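Here's the structure we're looking at; comments come further down.
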Amino acid sequence: MNYLGKDVQLKVVGTRPIRPDGVEKVNGRAAFGADVAVSGMIHAKVVRSPHAHARIKSIDTSKAEAVKGVSAVITGADLPDIPSEEAFVGEGPANFREMSHNVIARGKVLYDGHAVAAVAATSAAIAEEAARLVEVEYEVLPHVISVEEAMADGAPVLHDDMFTQGVDPKPTKASNVAKRVEFKLGDSNAAFSKADVIVERQYKTQPVHQAYIEPHACVVSYNPDGQAQIWCSSQGQFMVRAFCAKLLGMDIASIRVMPLEIGGGFGGKTLVYLEPLALALSKKSGRPVKMVMSREEVFRGSGPTSGGTINVKIGATKNGRIVAAECETILQAGAFPGSPVGPACMTAFACYDLTDVTAFGYDVVSNRPKVAAYRAPGAPISTFAVESAVDELAQNLGMDPGELRLINAAKDETKAAYGPTLKNIGFVETLEAAVASQHYTSDLGEAPKGKRRGRGIASGFWFNIGGESSGATYVNEDGTVTVVSGNPDIGGSRASMGMMAAEVLGIEVERVRTIVGDTASVGYSFLTGGSRVTFATGMAVTQSAEEVRDDLCRRAALIWEIDADAVEWRDGHAHPAGENAGKFDPLSLSDIAAKSGRTGGPIAAKSSINAQGAGPGYATHICDVEVDEETGHVAVLRYTAVQDVGKAIHPAYVEGQMQGGAVQGIGWALNEEYIYNKDGRLDNPGFLDYRVPVASDLPMIETVLIEVPNPRHPFGAKGVGEVPIVPPMAAVANAISNATGLRMPNLPMSPPHVRAALDAAKA
Amino acid sequence: MATVNVSNQMCRPYVGDTQELELEVDTVRALINELERRFPGLGPQVEESMAVAIDGVIVQDTYLEPIGPDSEVFLIPKIAGG
Amino acid sequence: MAKIHVTTKINGEDAEFLCEPQQTMLDVLRDELSLTGSKEGCGSGDCGACSIIVDGRLVCSCLMFGAEASGAEITTIEGIANGDTLHPLQQKFLEHAALQCGFCTPGVLVASKALLDANPSPTEEQARYWLAGNLCRCTGYDKIIEAVMDAAAEMRGE
Ligand code: FES
Ligand code: FES
Chain X
1 MNYLGKDVQL KVVGTRPIRP DGVEKVNGRA AFGADVAVSG MIHAKVVRSP HAHARIKSID
61 TSKAEAVKGV SAVITGADLP DIPSEEAFVG EGPANFREMS HNVIARGKVL YDGHAVAAVA
121 ATSAAIAEEA ARLVEVEYEV LPHVISVEEA MADGAPVLHD DMFTQGVDPK PTKASNVAKR
181 VEFKLGDSNA AFSKADVIVE RQYKTQPVHQ AYIEPHACVV SYNPDGQAQI WCSSQGQFMV
241 RAFCAKLLGM DIASIRVMPL EIGGGFGGKT LVYLEPLALA LSKKSGRPVK MVMSREEVFR
301 GSGPTSGGTI NVKIGATKNG RIVAAECETI LQAGAFPGSP VGPACMTAFA CYDLTDVTAF
361 GYDVVSNRPK VAAYRAPGAP ISTFAVESAV DELAQNLGMD PGELRLINAA KDETKAAYGP
421 TLKNIGFVET LEAAVASQHY TSDLGEAPKG KRRGRGIASG FWFNIGGESS GATYVNEDGT
481 VTVVSGNPDI GGSRASMGMM AAEVLGIEVE RVRTIVGDTA SVGYSFLTGG SRVTFATGMA
541 VTQSAEEVRD DLCRRAALIW EIDADAVEWR DGHAHPAGEN AGKFDPLSLS DIAAKSGRTG
601 GPIAAKSSIN AQGAGPGYAT HICDVEVDEE TGHVAVLRYT AVQDVGKAIH PAYVEGQMQG
661 GAVQGIGWAL NEEYIYNKDG RLDNPGFLDY RVPVASDLPM IETVLIEVPN PRHPFGAKGV
721 GEVPIVPPMA AVANAISNAT GLRMPNLPMS PPHVRAALDA AKA
Chain E
1001 MATVNVSNQM CRPYVGDTQE LELEVDTVRA LINELERRFP GLGPQVEESM AVAIDGVIVQ
1061 DTYLEPIGPD SEVFLIPKIA GG
Chain H
2001 MAKIHVTTKI NGEDAEFLCE PQQTMLDVLR DELSLTGSKE GCGSGDCGAC SIIVDGRLVC
2061 SCLMFGAEAS GAEITTIEGI ANGDTLHPLQ QKFLEHAALQ CGFCTPGVLV ASKALLDANP
2121 SPTEEQARYW LAGNLCRCTG YDKIIEAVMD AAAEMRGE
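Chains as they are written, first to last, in this note's numbering: chain X, 1 to 763; chain E, 1001 to 1082; chain H, 2001 to 2158.
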């Protein structure tokens, strides 16, 4: 059933209650990954490669093992050798053999920070000291960091069994290009002849880290009976269970994962790094093992997202109609294949209604950490290039960039550049709201001497997904309600789950408490990612609450001795459905709960579904900047994010997603990058040199929520978490261009780069 | 008859240059079976690695999703996310 | 090496512990005293997740030795509330949805308390600069700043 009509009065959905897990998060009691302790627990540290590319000739663990307090040391040889097997995980297809080799190296190390061994000891300090005594003999090999180096003729090859997929004929020589992908509609090549104006340019982006503030952490207890328990913070307790079972060759039922609070993920915690090692160490030592990454390890050893090189060409008629578009995207995958090049290509032109468009790309390995998903994986990279090009097109045409986008905007029935026909999308609405906003129509104001001001606008698209999800609703003896969600809550989803259940049951949200179930207490749920939880798990929870509501009506019917059909549920009470049903005082949820034993036992319902039809998300952002001509520093003066959210269940957390995503995008645009030295070592593995935005860098982030409901969701929700990171880089670049007349095609637009561009323009 | 677009690169090894097909199928399950019958190997490919967009609504992997008699069906790579 | 015996006052209560000379105050709080509300995000003074107040000064506990706590008066996130009553900052953070994952929250709250202790009427800009040492990757800081400003106004009785 759905609750979408104009006449439906929602009482809870759309309000801003305090989240059920809030107090524990403000008083310090919430338990995150590093906060648990288990009886008899010891501590482990990872030994990591100092080389970008090297053959492991030997590993001698004897000195480490001899240290007093060390209970176990493992190397790659302690994990089973598993066959190559493709599976669909966090950001696309992955291979469990490669995942295992990423967790701990076998034969070769492929990046600075690649794990080669791990040591467990009675204290973290002893483990660290012993880790330094693990002697690894390396034969250093030539390495490649950039995609250009990796694709060059005669480049050192990372995997001598990797042949480029997706090209015809099949190559006979191994290379660093894992695959080529292509999406095509019409004939872009021919269509360029219809264009009056063509813009063409190469863009580059740098890899950036998700930079969640909580480093990866877990405690694993492997028991002699072969049963294991894992406490960890991740984006999916079922993901951790499945991957650990695969990598260690265990049964799924032998592993129970307790999801702890997760201190940010953004896609970076959709994989395992420590858990399989801790499991192997726990097995070997017979003790529960705790592992916590340092910040440096997070940067060196866990996934950033790809950097990329993007070539864009767009042609339009004089009146602004885009007639042809092409985009080539080359993405760094890191040490193993699996960059988000597919979605980068598919999303590149998804904002526009085009007939002749080609997007193709390459997935390229190099000696960097294997990339992990990061908010709308791939889309921000190609979109930075395309939305910069669209802005340049508007400049060349002498048109307002918002107007140009409106002329070409994708709408319902548009055939998307990646294939299907779009439905129930709200892109035009975001553009119209942006163009009409006070921000867009306001005056930029006078810049102080030596500074220049400008305004930019850019749009973005993300698919959003659904998928397998489980939820449950339990009525407690006193008429309060417990809701169980199968998904870790990374941004307030317990609040939205409880709100949907409360709405269905007609009770105050304060009477519902939502928890996140462990792998043995709730049905399987795909991980928290793809902006899917409020949509998909929200559907499961809603369905379970509806079953409970129907059961409550049946119980009332039994109490009143009338037909179940003659009972209706309103405002948290069972009522006789009409005059003929009989005259009874309404029964509250508590009244019925009190009689649950006599009317058939506990009142509870579980729902496990495979939710489909997540509506795509569109956003348009507006950014004002002030560029300091002397230092090249770019200050963001004002920022507005406009987004189609379907229906905001808890608007404050929707705004929070938009603000947080926009600010991550601003960091990506202005400062963040991985810096490698000539030896292939990461030079900035810390927050001092990898500079994420801080409070004093930013203005308030204004938000405009557009609600074009998704009819596939009971309350109309669409995913909201990812699309906010798609437009910012171009919005900032376009603002800089508006301020200075300079097109900045390379990220980050940090002071030295902006300064250099300003100087070059002057010369 | 549903119009099924198989132009995506992931279909090419199985369908060659074929772009579009008219198929009498009423569910995703029937679609997969029919594709496998015509192009051996494409069935598992669609089932494991691709998503099906039916009249613009992306369904990743459910057999029972209905396909209407005039539906537009598009095969695209599976999508995940962060 | 012999452990050091330290007596101190934490959240208004006398406390004593033994620590290694090189052990940080953050490790002491988390590992020796089971006060895990202070978080480690970097261990190098760059994220503020470990913020505590020592004798009225805001400090990154990852940069302080446990031994330095001797004779000091320390406030951690666990001591911000007044018994059962949340501090106005805590209440406003909840009302404004100023936390998403909540990992930075203890540090941000402690730092905000230190701000309002020192300056009951900060401007938005002052609040932003004061909190520049506390990284939050989820919220974009917007709602954090709103909550701090609102709490300050409430504490001033406005
Ligand atoms: S952990 Fe102390 S500042 Fe980051
Ligand atoms: S709420 Fe997650 S880091 Fe601040």
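Glycine included, every Cβ here is placed at the ideal spot set by N, Cα and C.
Being a predicted model, the structure only gives us computed values, none of them experimental.
X/Glu297 has its CB no nearer than 7 Å to any heavy atom of ligand 1. Going by beta carbons, X/Ser696 and X/Ala605 fall outside the 8 Å limit. Distance from the C-beta of H/Arg2137 to the nearest heavy atom of ligand 2 is below 7 Å. In the structure shown, X/His753 falls within a helical segment according to DSSP collapsed to helix, strand and coil.
Apart from sequence neighbours up to five positions away, the residues of its chain that approach X/Ala635 with a beta-carbon distance below 7 Å are Val625, Glu626, ordered along the chain.
Any heavy atom of ligand 1 within less than 6 Å of a residue's beta carbon puts that residue on the list, which reads H/Glu2040, H/Gly2041, H/Cys2042, H/Gly2043, H/Gly2045, H/Asp2046, H/Cys2047, H/Gly2048, H/Ala2049, H/Cys2050, H/Cys2060, H/Cys2062.
Placement of the Cβ of X/Cys623 at a distance of 7 Å or more from every heavy atom of ligand 2 is found. Excluding five sequence positions before and after X/Thr631, the CB atoms of its chain that fall closer than 6 Å to its own CB belong to Pro751, given in chain order. If you keep only unbroken beta strand (DSSP E) runs of at least 3 residues inside the segment 626-668 of chain X, you get 634-644. Contact annotation: X/Lys647 and X/Pro709 have beta-carbon atoms nearer than 8 Å. Close partners of E/Gln1019 in chain X (Cβ separation under 8 Å) are lacking, with about 10 Å as the shortest Cβ gap. For the pair X/Cys351 and X/Ser459, the CB atoms are nearer than the 8 Å cut-off. From the listed residues X/Arg452, X/Lys194, X/Ile42, X/Lys718, the smallest Cα separation to X/Ser221 is found for X/Ile42. For ligand 2, a non-hydrogen atom lies closer than 7 Å to the CB of X/Ile213. Residues are counted here when their Cβ sits less than 8 Å from a Cβ of chain X; for the segment 2112-2123 of chain H the count is zero.
The CB of X/Arg712 comes closer than 8 Å to the CB of Val1057 in chain E, given here in chain order.
Each of X/Ile56, X/Arg494, X/Ala31, X/Gly466 was checked against the Cα of X/Leu141, and the nearest Cα belongs to X/Ile56. For X/Asp60, the enclosing beta strand (DSSP E) stretches over residues 54-60.
Annotated three-state conformation of X/Met291 is strand, per DSSP. Rounded to whole angstroms, X/Lys318 and X/Val732 show a C-alpha spacing of 26 Å. Bridge partners of H/Asp2014 according to DSSP: H/Lys2009. DSSP, reduced to helix, strand and coil, places X/Cys351 outside both helices and strands of the structure shown, so it counts as coil. If you look at H/Gly2102, you'll find it isn't in any beta strand (DSSP E); DSSP assigns it neither H nor E. In the DSSP annotation of this structure, the continuous segment of the beta strand (DSSP E) that includes X/Asn311 starts and ends at 308-316. With respect to chain E, the C-beta atom of X/Tyr352 has no partner C-beta closer than 8 Å. DSSP places X/Val541 within a helical segment (H, G or I) once states are collapsed to three. Of X/Val47, X/Cys232, X/Arg241, the smallest CA-CA separation from X/Val38 is found for X/Cys232. Using a CB distance cut-off of 8 Å, E/Ala1080 counts as an interface residue toward chain X. Annotated three-state conformation of X/Tyr418 is coil, per DSSP. Non-local C-beta neighbours of X/His114 in its own chain, meaning closer than 6 Å and more than five positions away in sequence, comprise Ser49, Ala105, ordered along the chain. Its chain contains Val1004, Val1006 as the residues whose beta carbon lies nearer than 7 Å to that of E/Leu1021, once the 5 sequence neighbours on both sides are disregarded; these appear in chain order. Collapsing the DSSP output to three states places X/Ser388 in a helix.
With at least 16 other beta carbons inside 10 angstroms of its own, X/Pro304 counts as buried. Residue environment for X/Ser62: exposed (fewer than 16 other C-beta atoms within 10 angstroms of its C-beta). Put simply, the CB of X/Gly467 is near chain E, with a gap under 8 Å to one of its CB atoms. Contact annotation for X/Glu297 against chain H: no contact, minimum CB-CB distance about 11 Å [criterion: below 9 Å].
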